[in-house]
Structure formats: structure tokens, C-alpha cells
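Each step along the sequence shown adds one to the number in numbering that gives the first Met the number 0, with nothing skipped, and position 18 is 17.
The beta carbon of each residue, even a glycine, is placed where N, CA and C say it ideally should be.
Every value quoted in this text rests on a predicted model; they were computed, and no experiment measured them.
Below you'll find the structure, written out as C-alpha cells, and then a few comments.
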Amino acid sequence: MKFAYDVIRRPIITERSMEGLGDNKYTFEVARDAGKIEIKKAVEEIFGVKVAKVNTIKLPGKWKRMGVHTGKRPDIKKAVVTLTADSKKIEIFENMI
0 MKFAYDVIRR PIITERSMEG LGDNKYTFEV ARDAGKIEIK KAVEEIFGVK VAKVNTIKLP
60 GKWKRMGVHT GKRPDIKKAV VTLTADSKKI EIFENMI
């Protein structure tokens, strides 16, 4: 059994993710093996909100080079969580605006 904090890794704070706050859309980095139902339950448990929809995106890691050495950044999975209209806001994102 996974805990909610194992599913939700961190919030993603970028210009593009901040544009979605008006539509109640919040972006998180999640565990690569987490499903949409697990992500929904974890967000509802951690933040005490009602989730309407979850969209997920898998992003492969980029290959980077430092001189003659090459390495690969880790693959990540993002989740865009849409809250219901009557749900409260998530406070960690509201302080960023």
C-alpha cells in the first residue's frame, strides 16, 4: 500500500502551470507507477479538496553532456489535477501569485 506522500512528489511551479490556476488546474510531479485513481485519492487526502479530473503526462529524461561524459536525467510523470467548482483552493499555489 502506498502512502499519499509517496504518490505526490512535489508541485510544479512554472509560468504555464500558474496560468491554469484560474481554471482550478494544479500541476504535480507524481510517482511514475501511480495511476489516475491513486493520484486523485492522494490529492484529496493531502489537501482536503474535491478532484474532478486527472490528466497525466509521461516525460522522458533528456540526455545531457558535460564535456566528454554523457548522462541521462530521470524520467518523470506529471499530473494536471482539475478541482470541482465548489472545492476550496490549494494554498501552496495561491501564495505564488
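Can you give the Cα-Cα distance for residue i and residue j, rounded to whole angstroms?
i	j	result
G19	V79	9 Å
T69	K76	23 Å
I45	K63	35 Å
R31	K88	26 Å
I7	A84	22 Å
K57	N94	27 Å
F12	F27	Reading off the sequence, residue 12 comes out as Ile, not Phe. Rounded to the nearest angstrom, the two C-alpha atoms are 9 Å apart.
Y25	E37	16 Å
S86	A33	23 Å
D5	K35	14 Å
L82	T55	15 Å
R72	P59	8 Å
With DSSP as the reference, label residue i as helix, strand or coil.
i	result
I91	helix
K61	coil
A30	coil
A84	coil
May I ask which residues mark the beginning and end of the beta strand (DSSP E) holding residue i?
i	result
R8	I7 to P10
K71	H68 to K71
Specify, as a first and last residue, the run of the alpha helix (DSSP H) that residue i falls within.
i	result
A41	K35 to F46
R15	E14 to E18
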